[in-house]
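Student: Under the working numbering, think of the first position of the sequence shown as 1281, with each following residue one higher. Built from N, CA and C at the ideal position, the CB exists for glycine as well. Just so we're clear, the structure is a prediction, and the values are computed from it rather than from any experiment.
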Amino acid sequence: MQNIIVFGASGQLGNCLKKVAGERKIDYIHFLPEEEADILRGDLLDIVFEKYKPTFAINCAAYTAVDKAEDEVDLARAINKTGAANLATHCKAYGATLVQISTDFIFKGDVALPLTEEAIAEPISVYGLTKLEGEQAIAEILDEHYTIRTSWLYSEYGNNFVKTMLRLGADRDEVKVIADQVGTPTYAIDLAEAILTIITAGKKAYGIYHYSNEGVTSWYDFAKGIFDISGTDVKVLPIRTSEYPTNAQRPAYSVLDKAKIKATFNIEIPYWRDSLKACIKKLAAVQ
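Shown next, in the form of structure tokens:
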């Protein structure tokens, strides 16, 4: 019997997986509470893997506070590297396949070309470095894994750029948004659909894949899209990265090439503005 377990189930991707699994009527997926499934505690993982005997484990647990990571290096590394390695070790022991979520932040972002899975990883932040270390640890331990790198994740759940912009737009006459960082937003519902498609496809095409929505945009244009689609009357001013200093550096260009995941799993990826419209419509419906 197939069993899927999800770590980090209370985050935005975990919640999106729960929603999509419900819509697909996948009843063999288990969303584990953090107190039951701490990826840093081998004793708890022993209990979880023995209890569920999973065929797949999805790791949505991560340290994602990009700027704080510069000061909390040990904690970021523990969660993003050691935690991932712990899951890979348990998956190997129990014959399970691991689905690991990674990030565009593993790239330096200094070349304006879509990044393939073979592109050289040169992280410029602690967050990016520890996520790359997690990828590498998994690959050393476990052959049976899908590592999915994504970017600019948002949804109706948790804290994200879309919800922040809608909140600021409701309170201010103008907002300043960085215009010289380029990438692609990813609607976490679409990513959840892709993950479950990979799991249910029955293929053993293990390895690294890239997934974001289609298209290319800047944070400035992303914000403009949010306000245009939501009908929010606010002035958006473009600024340079140098005008908004942060603790951690971000890639200037991190558009992910999705050719591999589309060809391997026959996945159709929505255009970023179309997915943004769907998300904003859902957010408006619950207000």
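Quick check: the Cα distance between residue 1349 and residue 1410, rounded to an integer number of angstroms?
Tutor: By one-based count along the sequence shown, residue 1349 stands at place 69. By one-based count along the sequence shown, residue 1410 stands at place 130. So the two alpha carbons sit approximately 9 Å from each other.
Student: Return helix, strand or coil for residue 1314, following the three-state DSSP convention.
Tutor: The residue labelled residue 1314 in the question sits at position 34 within the sequence shown. Coil, per DSSP.
Student: Examine the Cβ distances between the segment 1447 to 1457 and the segment 1385 to 1403 and report whether three or more of them are shorter than 8 Å.
Tutor: no
Student: Going by DSSP in three states, residue 1308 sits in which element: helix, strand or coil?
Tutor: By 1-based counting over the sequence shown, the position of residue 1308 is 28. Correct three-state label for residue 1308: coil.
Student: Starting from residue 1515 and walking both ways along the beta strand (DSSP E), at which residues does that stretch end?
Tutor: Within the sequence shown, the letter at position 235 stands for residue 1515. Residues 1515 to 1519.
Student: Let's see if you can read the secondary structure: which residues bound the alpha helix (DSSP H) around residue 1456?
Tutor: Your numbering for residue 1456 matches position 176 in the sequence shown. Residue 1456 -> not in any alpha helix (DSSP H); beta strand (DSSP E) instead, spanning 1454 to 1458.
Student: Does residue 1538 pass the burial test, meaning 16 or more other C-beta atoms within 10 Å, or should it be called exposed?
Tutor: For the purposes of this step, residue 1538 is taken as the residue at position 258 of the sequence shown. The residue is buried, with at least 16 neighbouring Cβ atoms inside 10 Å.
Student: Straight-line CA distance for residue 1545 to residue 1483?
Tutor: For the purposes of this step, residue 1545 is identified with residue 265 of the sequence shown, where counting begins at 1. For the purposes of this step, residue 1483 is identified with residue 203 of the sequence shown, where counting begins at 1. Looking at the two C-alpha atoms, the distance is approximately 8 Å.
Student: Would you mind giving the Cβ-Cβ distance between residue 1552 and residue 1495, rounded to the nearest angstrom? I have them listed as a contact below 8 Å.
Tutor: Taking the sequence shown and counting its residues from 1, the one referred to as residue 1552 is at position 272. Taking the sequence shown and counting its residues from 1, the one referred to as residue 1495 is at position 215. That belief holds up - the Cβ atoms of residue 1552 and residue 1495 are roughly 5 Å apart, short of 8 Å.
Student: Report yes if the C-beta distance between residue 1459 and residue 1500 is below 8 Å; otherwise report no.
Tutor: Locating residue 1459 in the sequence shown gives position 179, counting from the first residue. Locating residue 1500 in the sequence shown gives position 220, counting from the first residue. Yes, Cβ-Cβ distance for residue 1459 and residue 1500 is below 8 Å.
Student: Quick check: residue 1363 and residue 1337, are their CB atoms within less than 8 Å of each other?
Tutor: Position 83 of the sequence shown, counting from 1, holds the residue named residue 1363. Position 57 of the sequence shown, counting from 1, holds the residue named residue 1337. Taking 8 Å as the Cβ cut-off, residue 1363 and residue 1337 do not qualify as a contacting pair.
Student: Just tell me which of 1325, 1424, 1286 and 1433 has its CA closest to the CA of residue 1377.
Tutor: By one-based count along the sequence shown, residue 1377 stands at place 97. Looking at the Cα atoms, 1424 is the closest of the given residues.
Student: Measure the beta-carbon distance from residue 1345 to residue 1311 and round it to whole angstroms, keeping in mind my assumption that it falls under 8 Å.
Tutor: Residue 1345 sits at position 65 when you count from the first residue of the sequence shown. Residue 1311 sits at position 31 when you count from the first residue of the sequence shown. About 22 Å separates the two Cβ atoms, so there is no contact after all.
Student: What beta strand (DSSP E) runs, 3 residues minimum, are completely inside the segment 1294 to 1382?
Tutor: 1309 to 1311 and 1336 to 1339
Student: Within its chain, find whatever has a CB closer than 6 Å to the CB of residue 1317; leave out the 5 residues flanking it on each side and keep chain order.
Tutor: Taking the sequence shown and counting its residues from 1, the one referred to as residue 1317 is at position 37. Correct list, in chain order: 1287 and 1328.
Student: For residue 1498, collect the residues of the same chain with a Cβ closer than 6 Å to its Cβ; drop the 5 residues on either side in sequence, then sort them by chain order.
Tutor: One-based indexing of the sequence shown puts residue 1498 at position 218. If we look at residue 1498 and ignore the five residues flanking it on each side, its Cβ neighbours are 1459 and 1462.
Student: At which residue ranges does the segment 1413 to 1468 contain complete beta strand (DSSP E) runs of 3 or more residues, listed in the order of the chain?
Tutor: 1425 to 1430 and 1454 to 1458
Student: Starting from residue 1545, follow the beta strand (DSSP E) in both directions and report where the run begins and ends.
Tutor: As a working mapping, residue 1545 is identified with position 265 in the sequence shown. Looking at the DSSP string, residue 1545 is not in any beta strand (DSSP E); the run it does join, the alpha helix (DSSP H), is 1539 to 1545.
Student: Give every residue of the same chain whose Cβ lies closer than 7 Å to the Cβ of residue 1534, excluding the five residues on either side of it in the sequence, and list them in chain order.
Tutor: On the sequence shown, residue 1534 is found 254 positions in, with the first residue counted as 1. Taken in chain order, the residues that qualify are 1384, 1387, 1389, 1395, 1431 and 1463.
Student: Does the beta-carbon distance from residue 1359 to residue 1343 come in below 8 Å?
Tutor: Position 79 of the sequence shown, counted from the first residue, corresponds to residue 1359. Position 63 of the sequence shown, counted from the first residue, corresponds to residue 1343. In contact: residue 1359 and residue 1343 (Cβ atoms closer than 8 Å).
Student: Which residues bound the beta strand (DSSP E) around residue 1487?
Tutor: The sequence position of residue 1487 within the sequence shown is 207, counting from 1. Residue 1487 -> beta strand (DSSP E) spans 1487 to 1490.
Student: Determine which residues share a DSSP beta bridge with residue 1397 and list them.
Tutor: Sequence index remark: in the sequence shown, residue 1397 carries index 117 (1-based). Answer is none; residue 1397 lacks a bridge partner.
Student: Helix or strand or just coil, what does DSSP make of residue 1406?
Tutor: Position 126 of the sequence shown holds residue 1406. Note: residue 1406 maps to helix in three-state DSSP.
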